[in-house]
Amino acid sequence: MTTVVRFAPSPTGKLHVGNIRAALTNYLFARKTGGKFLLRLDDTDIERSTEENAQGIHTDLAWLGLTHDLFAKQSERTAAYEAAADKLRTVGRLYPAYETPDELERRRKRQLAQHKPPVYDRAALSLTPEQRADLEAKGRKPHWRFKLSGKSVEFNDIIRGSVHIETASLSDPVLIREDGRFLYTLPSVVDDIDFAITHIIRGEDHVTNTGVQVEIFEALGAPIPAFAHFSMLVGAGGEALSKRLGSLSIEGLREEGIEPQAINSLLAKLGTSDPVVPRATLDELVADFDLAKFSRAPAHFDPNDLKAINHKLLHAMPYDAVASGLSRLGVGGGAPFWEAVRDNIQLLNEARGWWHVIEGPLEPVIEDASLAESARALLPNGPFTDATWNEWTSAVSAKTGAKGKALFRPLRLALTGQPHGPEMRKLLPLIGPERAAKRLAGQAA
RNA sequence: GCCCCCAUCGUCUAGCGGUCUAGGACGUCGCCCUCUCACGGCGAAAACAGGGGUUCGAGUCCCCUUGGGGGCGCCA
2 MTTVVRFAPS
12 PTGKLHVGNI
22 RAALTNYLFA
32 RKTGGKFLLR
42 LDDTDIERST
52 EENAQGIHTD
62 LAWLGLTHDL
72 FAKQSERTAA
82 YEAAADKLRT
92 VGRLYPAYET
102 PDELERRRKR
112 QLAQHKPPVY
122 DRAALSLTPE
132 QRADLEAKGR
142 KPHWRFKLSG
152 KSVEFNDIIR
162 GSVHIETASL
172 SDPVLIREDG
182 RFLYTLPSVV
192 DDIDFAITHI
202 IRGEDHVTNT
212 GVQVEIFEAL
222 GAPIPAFAHF
232 SMLVGAGGEA
242 LSKRLGSLSI
252 EGLREEGIEP
262 QAINSLLAKL
272 GTSDPVVPRA
282 TLDELVADFD
292 LAKFSRAPAH
302 FDPNDLKAIN
312 HKLLHAMPYD
322 AVASGLSRLG
332 VGGGAPFWEA
342 VRDNIQLLNE
352 ARGWWHVIEG
362 PLEPVIEDAS
372 LAESARALLP
382 NGPFTDATWN
392 EWTSAVSAKT
402 GAKGKALFRP
412 LRLALTGQPH
422 GPEMRKLLPL
432 IGPERAAKRL
442 AGQAA
């Protein structure tokens, strides 16, 4: 049987690292098992869903390389949901209720005050036909609730093991709003059935939902997919991640200059027993993916880890992989430039700074004027090569007697304006004879 | 408030009653390499949350405490 999994974001905001962990896990599972990956937009909440957010989801996933095989939008599938709702009515599992949101809110507060769980009391179930007719006559429109069995739902979670949900302690979920629109619950199950989803892999914030969803699958006569709920991500300080989601949007990280594979590498391994190491491709992550490696405890997500991985990723990256990125930054110099600077940057856009060091104009720092002048005079005439730096500095040393730090530091400062950076052996040929001569003379170049 | 889940180095974790004076990875620190930083090589420091049980024996099983996470919507 081919596996089919899905990532089902709702386009009510930007994708963040938590979302991507879900997307990635599903993507990797699909690739690992030779299955299919469905991207489904859960856009039943039309007030909060926007086309811009939907577009952003596509952009982010494409940027990360998380391509889908199937696509669906819940807003276009209402006919299927209507049919399912009819079926639930037929089997007596969907009943009308007339409380207003305010009323329900008041009841919840009262229950909480009495130290009781805020569960719906099913008052609507005992409405007589006359009472219903009366309410309808007053213009009250019902919303529709799914009648839970009250039994314990058990399922074997691939990550969490045996899970029991007491549906008696849950409110009968509202499936259809007063205005006729569907809430997420029923569409989600209907889509999972229609797209033959075999594995539902998502965050543990959905484990309770699983109880009601399993009952809906059963009421609809559909097979129950396998479930896997991974733990949530918490911030570096242990705080819930949602508090700082704003700065952790994928769009934000992209703008910051983080490489997509840095994000994939971290998120695929965080909370698993595999070491977090930079991986240049998604295929490498697929190779050792296994749901059995996921821990049940919440994992700490530290944005600084992202930078560290990004740095290592960049260091190992061949020029071909960054060529387009560099040209977007307005950086030239080709492979020689990249190979000179890649060890010294954490973010690709920092290459711009080093490109400026080469292209100029920059104000040289002359620490030792006489040394700089001697060095300038000894500059070879021909084009600079890889060997130039060594030959030249040897000559300067022989002439002036300076060596070690006293020799190299002033030269580096004069040529680059900074006390450290990439190897001068590689930088000098890029700076070239003309700029080198001017900078050693103390002129901006 | 009620229900569920979790708890090993700073971080991610291995560990499924004796082989644990607790292993690995990342990070940190030191040394080496070296013109600087980085890379690389070698090495070091670093953890079983606390308290009770069970057992000949507990990181491993049970209970409590503490801490963290999740849930309790006409959100998803």
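Residue 218 in the working numbering is what sits at position 217 of the first sequence, and the numbering runs on without skipping anything.
Idealized CB from N, CA, C, for every residue including glycine.
Query                                                                                                        : Result
Selection from P97, V164, K427 that minimises the alpha carbon distance to E137                              : P97
Three CB pairs or more closer than 8 Å across the stretch 113-123 and the stretch 79-92                      : no
Buried/exposed call for P102, threshold 16 Cβ in 10 Å                                                        : exposed
Candidates A85, L307, A241, I259, of which the one nearest P299 by Cα                                        : A241
Local conformation of F72 per DSSP, three classes                                                            : strand
Collapsed DSSP secondary structure at V120 in the structure displayed                                        : coil
Rounded distance between the beta-carbons of L176 and E260, thought under 8 Å                                : Between L176 and E260 the Cβ distance is about 43 Å, and since that is not below 8 Å, they are no contact.
C-alpha gap between D303 and L271, whole angstroms                                                           : 10 Å
Cα-Cα separation between R146 and S232, rounded to whole angstroms                                           : 29 Å
N- and C-terminal bounds of the beta strand (DSSP E) containing L40                                          : 37-42
Best match in R436, L408, P430 for proximity to P420 [C-alpha to C-alpha]                                    : L408
Among D289, F290, N265, nearest to P279 - alpha-carbon criterion                                             : N265
Boundaries of the beta strand (DSSP E) in which P97 is found, first to last residue                          : 95-98
Stretch-stretch touch, CB-based, cutoff 8 Å, three pairs: the stretch 177-187 with the stretch 249-258       : no
Cα-Cα separation, F218 to R94                                                                                : 12 Å
9 Å Cβ cutoff met for I346 and H301                                                                          : no
DSSP state of D275 mapped onto helix, strand, coil                                                           : coil
G236 - DSSP class collapsed to helix/strand/coil                                                             : strand
6 Å CB neighbourhood of L349 in its chain, flanking five on each side removed                                : G258, G326
First and last residue of the uninterrupted beta strand (DSSP E) at D158                                     : 153-158
Local conformation of S163 per DSSP, three classes                                                           : strand
Selected residue, minimal CA-CA separation from I159, among P226, R436, Y82                                  : P226
Which residues DSSP lists as bridging F8, in chain order                                                     : L40
DSSP-derived helix/strand/coil call for S250                                                                 : strand
As assigned by DSSP and simplified to three states, the class of R90                                         : helix
Inter-residue Cα distance where the pair is E374 and L267                                                    : 50 Å
Candidates R7, G331, R32: closest to L286 by CA position                                                     : R32
Where V215 falls: helix, strand or coil (DSSP)                                                               : helix
Short Cβ contact (9 Å threshold) for F30 with F196                                                           : no
Proximal residues to R343 (C-beta, below 7 Å), its chain only, five neighbours per side dropped              : L315, H316, M318
L171, DSSP secondary structure in three states                                                               : coil
C-alpha gap between L40 and F8, whole angstroms                                                              : 5 Å
Inter-residue Cα distance where the pair is D173 and V213                                                    : 8 Å
Cα-Cα separation between G433 and I201, rounded to whole angstroms                                           : 59 Å
M425 classed as buried or exposed, judged by whether at least 16 other C-beta atoms fall within 10 angstroms : buried
Run of the alpha helix (DSSP H) containing I194, from where it starts to where it stops                      : 186-195
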